[in-house]
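Peer 1: Questions regarding the structure given below will be posed in turn.
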Ligand code: SAM
Ligand code: SF4
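In my numbering, the protein residues as written are 63 to 396.
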């Protein structure tokens with residue numbers, strides 16, 4: 063009998079999967095991708111049906127939360143088909159939560175459909191409220207369009223958390239205004255340290271890297287930040303911004319290791335299961351499913367969780383300025 067719960071060698075229950083449904087994106091954020099990217103051939107992608115099979119087999123092994131990410135998940139063709147099918151499991155009580163991380167570019171037209179399908183929360187990535195800087199960071203993004211999407215998501219009743227990556231000398235001094243604005247809008251917010259994933263062309267990680275201890279010190283000049291014990295399945299540590307009453311999270315993979323409470327694994331759009339965002343070891347679920355059917359898939363998942371490592375080894379320094387792992391964030395999903 064397969065187990066009902068996945069428990070890794072360090073005693074951590076793994077009940078949360080992040081699924082990158084596509085590596086493609088309509089933006090080219092400077093910390094995530096090079097401007098001219100070669101994407102995976104479409105023939106290598108798992109079909110939406112196969113992605114659903116992977117999700118359902120994880121659910122049979124105890125997965126309670128699924129986050130869809132990418133690339134930009136909402137640009138994958140017919141993605142609503144998968145979202146509706148997984149959302150029906152939320153409605154039936156078989157899945158606690160289905161969430162999506164998105165750049166917001168499609169929300170102006172998709173927000174209502176998402177709610178209808180059973181999605182209740184979104185993480186929306188937005189690094190600055192300055193339109194020119196937004197363009198500089200995303201290269202191809204349009205801030206007005208994203209703000210329109212945010213408004214549509216709010217109107218549709220979705221709970222929204224903003225994600226902002228802190229970039230030295232770029233949006234460093236925009237973050238205070240974002241915290242204030244998020245408070246006005248009723249959004250929580252998380253600030254993320256840039257992680258060394260994938261070759262990003264001419265950009266250099268040392269130039270981008272801004273420790274969040276510095277960000278917090280700067281924000282503390284303007285806001286009263288009180289530590290709170292709020293815990294999510296994610297890796298953020300939270301404070302309350304007393305002036306707005308909203309939560310502000312800090313994700314600090316480089317200055318504070320969050321691995322000890324890790325409850326998640328990641329599946330790519332080609333069916334590779336990564337047991338850790340910061341390590342290369344993976345299991346080929348596509349092969350397991352295609353050769354061994356659902357039994358083979360489940361065995362491969364169980365075997366891989368038995369190899370989940372204790373943690374990652376991210377470092378950004380002058381001696382190791384670039385990628386700790388070769389794959390880009392859009393492949394594994396954030
Ligand atoms: N396209 C969607 C979006 O931007 O929200 C989902 C995928 S994106 C890879 C997920 C998250 O990872 C985003 O919040 C993004 O800012 C973050 N991210 C991408 N590359 C990163 C990096 N090298 N270091 C830290 N965060 C990164
Ligand atoms: Fe696209 Fe998200 Fe990566 Fe930006 S962070 S390039 S929006 S996948």
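For every residue, glycine included, the Cβ atom is placed at its ideal position computed from N, Cα and C.
1. Would the segment 210-223 and the segment 160-176 be scored as touching if the rule is three or more Cβ pairs under 8 Å?
2. When the distance is taken between beta carbons, is residue 191 closer than 7 Å to residue 228?
3. Could you check what DSSP says for residue 66 in three-state terms: helix, strand or coil?
4. Go through its chain and collect everything with a Cβ distance to residue 123's Cβ below 8 Å, but skip five positions before and after it.
5. Does the segment 107-126 come close enough to the segment 347-358 that 3 or more CB-CB pairs lie under 8 Å?
6. Which class does residue 84 belong to by DSSP, given the choice of helix, strand or coil?
7. Go through its chain and collect everything with a Cβ distance to residue 115's Cβ below 8 Å, but skip five positions before and after it.
8. Under 6 Å: does the beta carbon of residue 134 sit that close to some heavy atom of ligand 2?
9. By the 10 Å Cβ neighbour count, where 16 or more other Cβ atoms means buried, how is residue 168 classified, buried or exposed?
10. What separation, rounded to the nearest whole angstrom, lies between the Cα atoms of residue 91 and residue 225?
11. Give the single residue among 338, 371, 232 whose Cα lies nearest to the Cα of residue 80.
12. Counting only the same chain and skipping the five closest in sequence on each side, list residues whose C-beta sits under 6 Å from that of residue 318.
13. Residue 331 and residue 85 look like a contact to me (Cβ under 8 Å); what is the Cβ gap, rounded to whole Å?
14. Rounded to the nearest angstrom, what separates residue 241 and residue 251 at their Cα positions?
15. Here's the rule: buried if 16 or more other CB atoms are within 10 angstroms of the residue's CB, otherwise exposed. What is residue 155?
16. When you compare the CB positions of residue 93 and residue 232, do they come within less than 7 Å of one another, or not?
17. So what's residue 318 in DSSP terms, helix, strand or just coil?
18. Hey, quick one: how far does the beta strand (DSSP E) through residue 188 stretch, first residue to last?
19. Shorter than 6 Å, the distance from the beta carbon of residue 25 to the closest heavy atom of ligand 2, or not?
20. Which of the three DSSP states, helix, strand or coil, is assigned to residue 251?
Peer 2: Once the coordinates are examined:
1. yes
2. Counted from its first residue, the chain shown places residue 228 at position 166. Counted from its first residue, the chain shown places residue 191 at position 129. Taking 7 Å as the Cβ cut-off, residue 228 and residue 191 do not qualify as a contacting pair.
3. On the chain shown, residue 66 is found 4 positions in, with the first residue counted as 1. Residue 66: coil per DSSP, three-state reduction.
4. Here the question's residue 123 lines up with position 61 in the chain shown. Correct list, in chain order: 64, 65, 66, 67, 68, 360, 363, 364.
5. yes
6. Taking the first residue of the chain shown as position 1, residue 84 is located at position 22. If DSSP states are grouped into helix, strand and coil, residue 84 belongs with coil.
7. Here residue 115 corresponds to residue number 53 of the chain shown, with the count starting at 1. Once the five neighbours on either side are set aside, the close Cβ partners of residue 115 are 351, 356, 359.
8. Counting from one through the chain shown, the residue named residue 134 turns up at place 72. Answer for residue 134: yes, Cβ within range of ligand 2.
9. In the chain shown, the residue the question calls residue 168 occupies position 106. Buried.
10. Numbered from 1 along the chain shown, position 29 holds the residue referred to as residue 91. Numbered from 1 along the chain shown, position 163 holds the residue referred to as residue 225. Near 13 Å, if we compare the C-alpha coordinates of residue 225 and residue 91.
11. As a first step, residue 80 must be located in the chain shown, where it is residue number 18. Nearest option by C-alpha distance: 338.
12. As a first step, residue 318 is located in the chain shown; it is residue number 256 there, counting from the start. Its pLDDT being 48, under 50, residue 318 is placed unreliably in this model, and the coordinates cannot settle the point.
13. Locating residue 331 in the chain shown gives position 269, counting from the first residue. Locating residue 85 in the chain shown gives position 23, counting from the first residue. Residue 331 to residue 85, Cβ: 6 Å. Contact.
14. The residue you call residue 241 lines up with position 179 of the chain shown. The residue you call residue 251 lines up with position 189 of the chain shown. Their Cα atoms are separated by approximately 7 Å.
15. Here residue 155 is taken as the residue at index 93 of the chain shown, counted from 1. Classification of residue 155: exposed, given that the 10 Å Cβ count is below 16.
16. Translated into positions along the chain shown, residue 93 becomes position 31. Translated into positions along the chain shown, residue 232 becomes position 170. Going by C-beta atoms, residue 93 is not nearer than 7 Å to residue 232.
17. On the chain shown, position 256 is the one that residue 318 refers to. Here the model assigns residue 318 a pLDDT of 48, short of 50, so the residue's position is not dependable and the matter cannot be decided.
18. Taking the first residue of the chain shown as position 1, residue 188 is located at position 126. That residue, residue 188, is in no beta strand (DSSP E); it is neither H nor E in DSSP.
19. Nothing about residue 25 can be read from this structure; the chain reaches only from 63 to 396.
20. Working through the chain shown from its first residue, we reach residue 251 at position 189. Note: residue 251 maps to strand in three-state DSSP.
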